[in-house]
Structures are given as C-alpha cells and as structure tokens.
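Structure first, commentary second.
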Amino acid sequence: MNARNDTGAPLVELLGITKAFPGVLANDGVDVTLRRGEVHCLLGENGAGKSTLIGILAGLIRPDAGTIRIEGVETAISSPRRALELGIGTVHQHSTLIPALSVLENLMLGDSRGVRLDRPRGERRLAELAAQLGVDIDPATRAADLSLGYQQQVEIVKALWRGSRVLILDEPTSMLTPQGVAELAKVLVRLKAQGQAIIFITHKLHEALSLGDEISILRQGRLAGTIGREALRSRSQEELRAEIVRIMFGDEARAVADVAELQEELDSVEGTARTVAAEAEVVLELRGVSSPREGAELGVEEVSLELREGEILGVAGVDGNGQRALAEVIAGQRPASAGELLLYGAPVTRTKVARRQKLGLRYVTDDRLGEGIVGALPVGLNLFLKRVGERPYWRHGRIQRAVVDGRATELVREFDVRTPSVTTRAATLSGGNIQKVLLARELSFEPKVVVFHKPTYGLDVRTTATVREQIRSLAEGGGAALVISTDLDELLEICDRIAVLSRGRLVGVVPNGQGAAERVGELMVGGGAGLEAA
Amino acid sequence: MSTETVTREEALPQRQPRRARTVGAGRLLDLVLRSVVPVVLALGAGAILLLALGRHPLAFYGDIWTNGVQNGAWQDSAIRMAPFLLIAAGLTVIFRANIWNLGYNGQFLLGAALVSGYGPRLVNEIPLWLAMAVLFLLAGAVGALWTVVPAVLKARYGTNEIITTLMMSFIGIDLASLLIKGPFHDSTTPLPQTAVLTKMLPSIPGTRIHVGLLVAFAAVLVVHYVLTRTAWGLRLQILGSSPRAARHFGIDLSRLIVVAFLASGFLVGLAAAADILGLQGYIRTGWNPAYGDTIIPFVFLARLNALAVVPFIAFFSVVSTGGDIAAADANLSTNFLLVLVGLILLFMTVIEYLGRRRDLGASYLTPGLRQALRAPLLRRGGAS
Numbered sequence: 025m026n027a028r029n030d031t032g033a034p035l036v037e038l039l040g041i042t043k044a045f046p047g048v049l050a051n052d053g054v055d056v057t058l059r060r061g062e063v064h065c066l067l068g069e070n071g072a073g074k075s076t077l078i079g080i081l082a083g084l085i086r087p088d089a090g091t092i093r094i095e096g097v098e099t100a101i102s103s104p105r106r107a108l109e110l111g112i113g114t115v116h117q118h119s120t121l122i123p124a125l126s127v128l129e130n131l132m133l134g135d136s137r138g139v140r141l142d143r144p145r146g147e148r149r150l151a152e153l154a155a156q157l158g159v160d161i162d163p164a165t166r167a168a169d170l171s172l173g174y175q176q177q178v179e180i181v182k183a184l185w186r187g188s189r190v191l192i193l194d195e196p197t198s199m200l201t202p203q204g205v206a207e208l209a210k211v212l213v214r215l216k217a218q219g220q221a222i223i224f225i226t227h228k229l230h231e232a233l234s235l236g237d238e239i240s241i242l243r244q245g246r247l248a249g250t251i252g253r254e255a256l257r258s259r260s261q262e263e264l265r266a267e268i269v270r271i272m273f274g275d276e277a278r279a280v281a282d283v284a285e286l287q288e289e290l291d292s293v294e295g296t297a298r299t300v301a302a303e304a305e306v307v308l309e310l311r312g313v314s315s316p317r318e319g320a321e322l323g324v325e326e327v328s329l330e331l332r333e334g335e336i337l338g339v340a341g342v343d344g345n346g347q348r349a350l351a352e353v354i355a356g357q358r359p360a361s362a363g364e365l366l367l368y369g370a371p372v373t374r375t376k377v378a379r380r381q382k383l384g385l386r387y388v389t390d391d392r393l394g395e396g397i398v399g400a401l402p403v404g405l406n407l408f409l410k411r412v413g414e415r416p417y418w419r420h421g422r423i424q425r426a427v428v429d430g431r432a433t434e435l436v437r438e439f440d441v442r443t444p445s446v447t448t449r450a451a452t453l454s455g456g457n458i459q460k461v462l463l464a465r466e467l468s469f470e471p472k473v474v475v476f477h478k479p480t481y482g483l484d485v486r487t488t489a490t491v492r493e494q495i496r497s498l499a500e501g502g503g504a505a506l507v508i509s510t511d512l513d514e515l516l517e518i519c520d521r522i523a524v525l526s527r528g529r530l531v532g533v534v535p536n537g538q539g540a541a542e543r544v545g546e547l548m549v550g551g552g553a554g555l556e557a558a
Numbered sequence: 093m094s095t096e097t098v099t100r101e102e103a104l105p106q107r108q109p110r111r112a113r114t115v116g117a118g119r120l121l122d123l124v125l126r127s128v129v130p131v132v133l134a135l136g137a138g139a140i141l142l143l144a145l146g147r148h149p150l151a152f153y154g155d156i157w158t159n160g161v162q163n164g165a166w167q168d169s170a171i172r173m174a175p176f177l178l179i180a181a182g183l184t185v186i187f188r189a190n191i192w193n194l195g196y197n198g199q200f201l202l203g204a205a206l207v208s209g210y211g212p213r214l215v216n217e218i219p220l221w222l223a224m225a226v227l228f229l230l231a232g233a234v235g236a237l238w239t240v241v242p243a244v245l246k247a248r249y250g251t252n253e254i255i256t257t258l259m260m261s262f263i264g265i266d267l268a269s270l271l272i273k274g275p276f277h278d279s280t281t282p283l284p285q286t287a288v289l290t291k292m293l294p295s296i297p298g299t300r301i302h303v304g305l306l307v308a309f310a311a312v313l314v315v316h317y318v319l320t321r322t323a324w325g326l327r328l329q330i331l332g333s334s335p336r337a338a339r340h341f342g343i344d345l346s347r348l349i350v351v352a353f354l355a356s357g358f359l360v361g362l363a364a365a366a367d368i369l370g371l372q373g374y375i376r377t378g379w380n381p382a383y384g385d386t387i388i389p390f391v392f393l394a395r396l397n398a399l400a401v402v403p404f405i406a407f408f409s410v411v412s413t414g415g416d417i418a419a420a421d422a423n424l425s426t427n428f429l430l431v432l433v434g435l436i437l438l439f440m441t442v443i444e445y446l447g448r449r450r451d452l453g454a455s456y457l458t459p460g461l462r463q464a465l466r467a468p469l470l471r472r473g474g475a476s
C-alpha cells in the first residue's frame, strides 16, 4: 500500500484553509493532506474547528481563504453536489436515513439518473459495495428497523454509492457499542485496501491511535500538530499519547501537574469499581415506574432500580431509549403513570419539582441551553432559578438582589465558573461554564441524590475532568449519583454499577470491572433485538 | 469541588468567554438606535409619500405638531394616551410569557359595552368615586373573563392561543354589539347606542385631562415593578424564554398561564373603562377603535418593557391627535396615519435585518418568541 501512496500527487490537499464566523476564527490556515488507502484522523476538543474543516471539504461551507487541490489540481468545492461529483462522500454523526423507507430506497434517493427507480441495478450496486465492505445488508429492511451499527454501515454504503474516493466519517463511534466499533474498524481496513482516503473525526485518543495512519490535531482553529505514519509506527503508545496531549493543550498542558490524568480522560479506561457495601442505605428506589413517551422519544416502562448511599450508578443505552423520561420522572418534571418512587424510603411519586429539590433530589439536565439556564438572565440569577420566590432571595415576592448576587458570587468562586461577573447574561458563557452553573445550582445546599444526564456531553477535556471529579466527590461525601450517559467509556470510568436502558426498559445491571464493557454492549444490542420486529 | 482541581485551573491562563458583555452604554445606545431609527425613517418615507401625493411634508408634519402639541392640544394627546397605555401594559404582561393575547378587541369592546350600559345609571345612584371604581373593576373583570377560555385551553391542552383568542375576540365584538342593541339600548333614541353618561371621570386639576390617565400611569408602574422585581415576573420571563426551562425549574405552568391571561384581559378591560368614562361617554354599535392593533408595534419597539413603551405611546398619541386634523387640512384620509405605523413596522424589520442578518425582528422579541419564529427554519437535532 505504501508504494501506491508514494506515486503521484496526494488525493486531496487542503492548504491554508481559513474560515471565520462572527466572533470566532474557526479555521486558521489549516493544512491537511489525504492520501489513498490511508485513514487520516482529525483530533481536537469541541470547538477546535474539526466540523468546519470537514464542512469545507464536503462543500457545505465556503472557506474565506485557502486552496483545495484534488490530485494536484486546484478545485473549488462550491456545493455538496460538487463534492459528490468529485468523489467526496460524507457519513454524518447523526443518521440521515429516512426511517420509513427501505435501505435500498434510502440509497437510491440521491440517484438522479433516470426517472424510474432501477431496482435491479440498485440491488447490484448494493451487493457490490456490501461485498467490498465485508458486510451483509438486506435491501428490503426499513431504515427504522436497523440497529445503529447497521445504520452506519448503510450510511457508509450511501456515501460510497456514487463512487467516492474520499470518505468523511464524522465522529462515527460516538453512538456505537464496543462491538460496533470493532465492526467499523474492520470495515475501515477493507476500505483502505481499496484505496479510499478516509478522514476520521474523533475526540477519543485511543481510537485515533488504533485506527489512524496519520493524525492531525486541531486546536482553536489552528493545526496544532501532525503525527505521521512513521512516528505512529515507530514510537510507543505512551510516547504518542504524551505527545498528542502536549499538542492538544500546548503550554497549558505543561502547567498541568498531572498530565497523566488528562490522558486518562482522553482514553478508554477499564473500570475499577469501588465496592459499595451491600448494607449501605438505599437512598433512591424506583418500583416499576412507567411514564409514557413524549413525541419521538421513548418513555420508560416498569423501571425498577435501587441506588445506595455512596454509589454511582450508570445508565447506559443508545440515545433516545428513554433516558430523558427516566431522568425527568425522577426529577419530578414528568408524572409517573405507574409505579412508585421512594427517597430514603419515603414516597415522592407525586412530589413537585421544587420540593424534591429541597429534599436533596437534584437533576443536572442534558439540555443545558434549552432548560438548564435562561440565557437572557444574569448568571447569578440563574443559580437560584429553582428557588424563585423563596427566602432569603425573595421577600414578599420582591427579589433581594444583594442577597442573590452575594451568594451567587460565592458559588461562582466555589464552582470555578469563568464569568466576568454574576450580572453577565448566562447565554454569553461557554458550554463548559454553563455546565458549571448547573452543577453549582444542583450540588449546593445539601445535595443527596443527583441525576446527571449526559454530564460531560460536548465539554472540553478539562471541564469533563472537573465534572467527573464532582460526581466522585458527591458519592464519597455520602451522596449518590445516577449518571445517564451515552458515552460508555465515561460510565466505565466513574460508575460502580451500570444499568442498561433499552427501548424504555432496564434490561440488566452489570457491576463495573473486567469485561463490563462487553456485557453492557451485549445488553444494549440484545435488549433491543427482540422488540425490533414489533 | 476538590481543591486540587481548583489549583490546577487557576494555574492555567485565564480564558474569558469571548463575547461576554454586560448591559453597558454600548448596548443601551444600540437599543435606543434600534427603537428610534425606525420611527425617523418612517417619517422620512412618509415625507416622500406626501410629496408623491402632492402635499408638502414639512407643512403636514408641522400641522401635526401644531394640532397635537401646541395651544393645549397636548392635553388632547394625553387624553388619548390613557387607553393606549393600559392596553400596552396588558399586552406587555402576556407577551413576556411568549403568549399571544390577540383577543384585545373583543375584551375591550365587551368592557366598553358593560361600562356604557351600567354607567349612566350607576353614576347617578351611588357616589361618583365609588361608581367609577366599580365600573373600572367591572370592565377589568369582563376583560379578564373573556380570556378564561383561551387560558384554560392553553394551560390544560396546549391549544394555540392565537386562534382561540382571535375567535373569542370575534364573539366578543358581536356580543358587545348585541348588548348595545338589546339590554343597553338607550330607549330615547332610535340609533343603536347606549345612553350618554351624565357624569364623567373628573379632570386632573388645572387641565382637561381625566384621571383615567393617572390610572393608566399607575398601572404601567405596577406592571413594570411586577415584571422586573418580583418572583412572579421572573417566572413569567422564564416561561417566555422556554416552557421547558420553566418545567425544569418547577414552575406551575398552568396556573402561571391562566393568571397571566387574566391580568392581560383585566388591563385591556381597564382601558375600555378609561376610554368610555373619560372620553367617549357612550358607545354605539359598529364602533371598534381597535387600539390594540396600532399599539402592538410600539409594544415590540419598547422591547416588551412597560416603561419604555410610554414615550412611543406619547409619540403616537400626538401623531394621531394632530394627524386627524392635519389629514383633514391636507385633504388626506386619516388612514394615512396607519400608513406611518405600517412604515415603522417595516423599518423595524429592516433595521433589525441590517443589525443582525437573518434574525428578522429578533431582538424585539423574547427568546421564546424568537425561537418560535425560527423553529420552522431549524432542524431539531435529537442531541443538540
């Protein structure tokens, strides 16, 4: 393969790509080269400019400056259609398949040749591509009935449908089970063998190291560093990790005393469960709790679980399998249609949100901007929005600004919220700081049982570490945490036990430890399989 | 939070959020510009229209000034302000919650009909101050009552209040008409109208302005205080920015929606009482001043701020008082004044477009309204 790469011009060269959005320089003179038969990993924190760069390559965004060369020829990728014509296919992070259509219909949607659907030709093309990828895809299955792993394979087939030479994979592993990731790795190997150039976006270091032939690291819109194939082959994993962490965080990393901890954050960690004594008090109990679905998202059905003092219980599952319903029914934001909720043995099934909050039952929502804060209000006031009208912050219905601001200033300091002042509008804060505002609100005033819903989703590595530290210290301080997350690595890192939610039901609980990842993965897949036909 | 994390974070160079900005002088200037510039541009465009119609714009605007402000005409303008301010206050309350009470015309006319129906008898039977208080409360109550159906439907079933309030408005307008022809009809005249009040609202000493204007100003102050300083006002603002957030914060949405509707209807009802008791003195069928329709742009120009709406209302009152005469002098239809209002709306949008591309009219709206407007344009991703 190596010999082939060395002949002629590289397949795609992005040179000096610059793109500014109002207030942000998303890409600043980025150079990236894609070669045939190679996986080029694009690594970086959220907001580093990965999405902008691939958006430019896919024809969705026009760069302000810079040139794109394809096989040495300068080319303008003026539209997504043009990108397809040039052989650049994209697999987006979220499914773009139309659920009601069959696999074949989905694949043939973009086919503009001829008025009538030429099914036999479509089936031939599918069989050809499936054989190339080494996967088995039934053309007649409805897209809605596919598991996420299969959906992704169909997406890859769709990207290759019109003869792509460059394949963009945008965080392809974020929704997959460990088994699904292994499958994807196999597919990538076959695609490489056929001479595809693959650009693989991820923020997980171990994936980049195991799948990439070359790694480019973006940081604040700039190309912070590149690790070539020679380096990837010759140097040890530990050296490479240290190198990448240094590039990702630059000088900041040197100031960080424990780089090792940061590395861990970037990496998949096999869980080490703390043992929670079996006789520890049950602080939260759900007995057969059901709540109907709302809109497209599933509800929960007959969920029973026990959370003990000092415990961190994870809830794994693919997004949309009832996570929101579970979190909201515990928080009191939506009613339970059946079953019972007990807090320290006392029923709270019908207790209102505000009362549960006072009893120490807290909820750190995943919808930070939509429901976690009110962006137009100052940071300080946002910290007390679950106590509107209560003393000492309000007296006779009138807000006590001095009390609110004073207490807010303390909380902002305690939880290290980076804000110019407590009177700054919350909407102007970064995502990480908004999460800290939520944590300050939910983890102050004696928290006891806290539901964390996707607590680190979309956060940078440092804030992620802070959040996980908070969850641990809550449990160590005698509280209990229920961590709902779609990031299995996260659950393996911090949880004592991991429950699996599938199609709105808890299908099993796995103690964290050796082999937990695989068992959780099996439950995630197995739990849904039986119901998929229904 | 562990101390370890704190020290680690402090060791890092301080990185402030990029666009962090508090309400400063720049923002205030921005607000003033965005509010006043549309008005100035509308007057300019109106001038061009006047030229095209063969009138002299400066003479026309001068005429408005003469007849709207000078020689005591400002008192007539001030009298007109009373119902405008009360309706503006009522609309501000409900719009803050991102709820559209568009039934103000029905609420207003029903209030007006009841006041004109019972007023003539009441002012002669009990002390005047008591009669006036009772009539104000009556009008407020009926205005509030007329919002109950939309409010309960919205609170319980999430029914779109734009449709329900409009429907109730049509019913209210026709019901008012029936009342005037039926039980409230003045038997001394064949015309379909009520008896004329023999005693009206007293004037503020030294002026011709009735005390209804004071009631209006008091209402504006109370509304502003409640919206900006109290827990209830904050709840309303949270509801307006996101009902999901309101639910998350444990706010009783149903109750809040109903109370906000009642308050809005009540204030619109008060507007009717002020107008009938202070200025009109009676009501006839077919009379529908539709004050709310002309007031809405100013409520948004004032960014749903109950105090900021006062200068806009004062401006419009002068334009409409002086404009009625100026239009007659220039041999123009008084509808030309509505053209000016329309131009203000148009330029609001243009200014907003220039200031913030694609977010048409966005900064005039609460975050919730803004989202509702954009919603059809946005793909609602599951994860985001």
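Just so you know, the sequences run in chain order A and B.
Here the numbering used here is used: the first residue of the first sequence is 25, the next is one more, and so on.
Here the numbering used here is used: the first residue of the second sequence is 93, the next is one more, and so on.
Where a beta carbon is used, it is the ideal one built from N, C-alpha and C, also for glycine.
*Between residue 295/B and residue 437/A, what straight-line distance do the alpha-carbon atoms span, to the nearest angstrom?*
Here residue 295/B is taken as the residue at index 203 of the second sequence, counted from 1. Here residue 437/A is taken as the residue at index 413 of the first sequence, counted from 1. So the alpha carbons of these two residues sit roughly 57 Å apart.
*Taking only beta-carbon positions, decide if residue 341/B is within less than 7 Å of chain A.*
By one-based count along the second sequence, residue 341/B stands at place 249. Chain A places a beta carbon closer than 7 Å to that of residue 341/B, counting this residue as a contact.
*For residue 55/A, collect the residues of the same chain with a Cβ closer than 7 Å to its Cβ; drop the 5 residues on either side in sequence, then sort them by chain order.*
Looking up residue 55/A in the first sequence gives position 31. The residues are 38, 39, 40 and 247.
*If you drop the 5 nearest sequence neighbours on each side, which residues of the same chain put their C-beta closer than 7 Å to that of residue 134/B?*
Working through the second sequence from its first residue, we reach residue 134/B at position 42. Within the same chain, residue 134/B has close Cβ partners 432, 435, 436 and 439.
*asked:* I need the boundaries of the beta strand (DSSP E) containing residue 386/A, first residue and last residue.
replied: In the first sequence, residue 386/A corresponds to position 362, counting from 1. 385-388 is the span of the beta strand (DSSP E), which, as asked, contains residue 386/A.
_Per-residue contacts from residue 421/A into chain B (C-beta, under 8 Å)_ = As a first step, residue 421/A must be located in the first sequence, where it is residue number 397. The contacting residues are 322, 323 and 324.
_Exposure of residue 221/B, with buried meaning 16 or more beta-carbon neighbours within 10 Å_ = Numbered from its first residue, the second sequence carries residue 221/B at position 129. Its Cβ having fewer than 16 others within 10 Å, residue 221/B is exposed.
*asked:* On the criterion of 16 or more Cβ atoms from any shown chain inside 10 Å, does residue 130/B qualify as buried, or is it exposed?
replied: As a first step, residue 130/B is located in the second sequence; it is residue number 38 there, counting from the start. It counts as buried.
_Assuming the contact rule is C-beta atoms closer than 8 Å, residue 115/A and residue 169/A should be a hit. Round their C-beta distance to whole Å, please._
Here residue 115/A refers to the residue found at position 91 when the first sequence is read from its first residue. Here residue 169/A refers to the residue found at position 145 when the first sequence is read from its first residue. Going by Cβ atoms, the distance from residue 115/A to residue 169/A rounds to 20 Å, so no, they are not a contact pair.
*Whole angstroms is fine: what's the gap from residue 154/B's alpha carbon to residue 408/B's?*
Here residue 154/B refers to the residue found at position 62 when the second sequence is read from its first residue. Here residue 408/B refers to the residue found at position 316 when the second sequence is read from its first residue. Approximately 15 Å, taken between the alpha carbons.
*Measure the CB-CB distance between residue 321/A and residue 348/A and report whether it falls below 7 Å.*
The residue given as residue 321/A occupies position 297 in the first sequence. The residue given as residue 348/A occupies position 324 in the first sequence. In this structure, residue 348/A lies closer than 7 Å to residue 321/A by Cβ.
_If you measure between the beta carbons of residue 83/A and residue 107/A, is that distance less than 7 Å?_
The residue given as residue 83/A occupies position 59 in the first sequence. The residue given as residue 107/A occupies position 83 in the first sequence. Going by C-beta atoms, residue 83/A is nearer than 7 Å to residue 107/A.
*State the Cα-Cα distance for the pair residue 284/A and residue 252/A, rounded to the nearest angstrom.*
As a working note, residue 284/A is residue 260 in the first sequence. As a working note, residue 252/A is residue 228 in the first sequence. In this predicted model, residue 284/A has a pLDDT of only 48, less than 50, meaning its place in the structure is not dependable; the value taken from the coordinates is given anyway. Those two C-alpha atoms are separated by around 23 Å.
_Opposing strand residues paired with residue 338/A [DSSP bridges]_ = For the purposes of this step, residue 338/A is taken as the residue at position 314 of the first sequence. Looking at the DSSP assignment, residue 338/A forms a beta bridge with 507/A and 522/A.
*Buried or exposed for residue 160/A, please, with buried defined as at least 16 other CB atoms from any protein chain shown within 10 angstroms of its CB.*
Taking the first residue of the first sequence as 1, we reach residue 160/A at position 136. Classification for residue 160/A: exposed.
*Determine the burial state of residue 86/A: buried for a count of at least 16 other Cβ atoms within 10 Å of its Cβ, exposed for fewer.*
Here residue 86/A is taken as the residue at index 62 of the first sequence, counted from 1. In this structure residue 86/A is exposed. Its beta-carbon is surrounded by fewer than 16 other beta-carbon atoms within 10 angstroms.
*State yes or no: is the beta carbon of residue 74/A nearer than 7 Å to at least one beta carbon in chain B?*
What you label residue 74/A is simply residue 50 of the first sequence in a count that begins at 1. No, residue 74/A does not count as interfacial toward chain B.
*At 7 Å on the CB atoms, spell out the chain B contacts of residue 357/A, in chain order.*
Taking the first residue of the first sequence as position 1, residue 357/A is located at position 333. Neighbours of residue 357/A on chain B, chain order: 339 and 340.
*asked:* Is the beta carbon of residue 239/B closer than 7 Å to that of residue 390/B?
replied: Locating residue 390/B in the second sequence gives position 298, where the first residue counts as 1. Locating residue 239/B in the second sequence gives position 147, where the first residue counts as 1. Taking C-beta atoms as the reference points, residue 390/B and residue 239/B fail to come closer than 7 Å.
*asked:* Tell me whether residue 382/A, by its Cβ, gets closer than 6 Å to a heavy atom of the ligand GDP.
replied: In the structure shown, the ligand GDP is absent, as is every other ligand, since no ligand is present at all.
_Outcome for residue 43/A when other beta-carbon atoms lying within 10 angstroms are tallied against a minimum of 16_ = In the first sequence, residue 43/A corresponds to position 19, counting from 1. Burial call: buried.
_Option nearest residue 313/A by Cα separation, candidates 354/A, 206/A and 428/A_ = Mapped onto the first sequence, residue 313/A falls at position 289. Checked all of 354/A, 206/A and 428/A; the closest Cα to residue 313/A is 354/A.
*Are the CB atoms of residue 307/A and residue 387/A nearer to each other than 7 Å?*
Within the first sequence, numbered from 1, the residue matching residue 307/A stands at position 283. Within the first sequence, numbered from 1, the residue matching residue 387/A stands at position 363. No, the pair does not count as a contact, with Cβ atoms beyond the cut-off.
_I need the boundaries of the beta strand (DSSP E) containing residue 42/A, first residue and last residue._
As a position in the first sequence, residue 42/A is number 18, starting the count at 1. Boundaries of the beta strand (DSSP E) around residue 42/A: 36-45.
*Mind pulling the alpha helix (DSSP H) runs of 4 or more residues that sit fully within the segment 218-261 of chain A?*
If we require 4 residues or more, the alpha helix (DSSP H) runs fully inside the segment 218-261 of chain A come out as 229-235 and 253-258.
*Between residue 414/B and residue 366/B, what straight-line distance do the alpha-carbon atoms span, to the nearest angstrom?*
Mapped onto the second sequence, residue 414/B falls at position 322. Mapped onto the second sequence, residue 366/B falls at position 274. Here the C-alpha atom of residue 414/B lies approximately 21 Å from the C-alpha atom of residue 366/B.
*Return the Cβ separation of residue 351/A and residue 508/A in integer angstroms, given the expectation that the two are a contact with Cβ distance under 8 Å.*
If you number the first sequence from 1, residue 351/A lands on position 327. If you number the first sequence from 1, residue 508/A lands on position 484. Yes, they are in contact, since the Cβ atoms of residue 351/A and residue 508/A sit about 6 Å apart, within 8 Å.
*So which residues of chain A does residue 336/B contact, with C-beta pairs closer than 8 Å?*
In the second sequence, the residue the question calls residue 336/B occupies position 244. Under the 8 Å cutoff, chain A gives 391, 394 and 395.
_residue 474/A at chain B interface by Cβ criterion, 7 Å_ = The residue you call residue 474/A lines up with position 450 of the first sequence. For residue 474/A, the answer is no, since every Cβ of chain B falls outside 7 Å of its Cβ.
*Can you tell me which of the three DSSP states residue 362/A falls into?*
Start at 1 with the first residue of the first sequence, and residue 362/A comes out as number 338. Secondary structure at residue 362/A: strand, using DSSP grouped into helix, strand and coil.
*asked:* Applying the 10 Å Cβ sphere with the 16-neighbour rule, what's the burial state of residue 328/A?
replied: Walking along the first sequence from the start, residue 328/A turns up at place 304. Label assigned to residue 328/A: exposed.
*What's the C-alpha gap between residue 487/A and residue 458/A?*
Walking along the first sequence from the start, residue 487/A turns up at place 463. Walking along the first sequence from the start, residue 458/A turns up at place 434. C-alpha of residue 487/A to C-alpha of residue 458/A: approximately 11 Å in a straight line.
*Does DSSP classify residue 118/A as helix, strand or coil?*
Mapped onto the first sequence, residue 118/A falls at position 94. Coil at residue 118/A, not helix or strand.
_Interface positions of the segment 489-521 of chain A facing chain B (Cβ-Cβ less than 7 Å), listed along the chain_ = Of all residues in the segment 489-521 of chain A, 490, 493, 494 and 497 have a Cβ within less than 7 Å of some Cβ in chain B.
*Cβ of residue 347/B within 7 Å of any chain C Cβ*: Of the protein chains in the structure, A and B, none is chain C.
*Less than 7 Å separating the beta-carbons of residue 387/B and residue 180/B?*
Against the second sequence, residue 387/B aligns to sequence position 295. Against the second sequence, residue 180/B aligns to sequence position 88. Yes, the pair counts as a contact, with Cβ atoms nearer than the cut-off.
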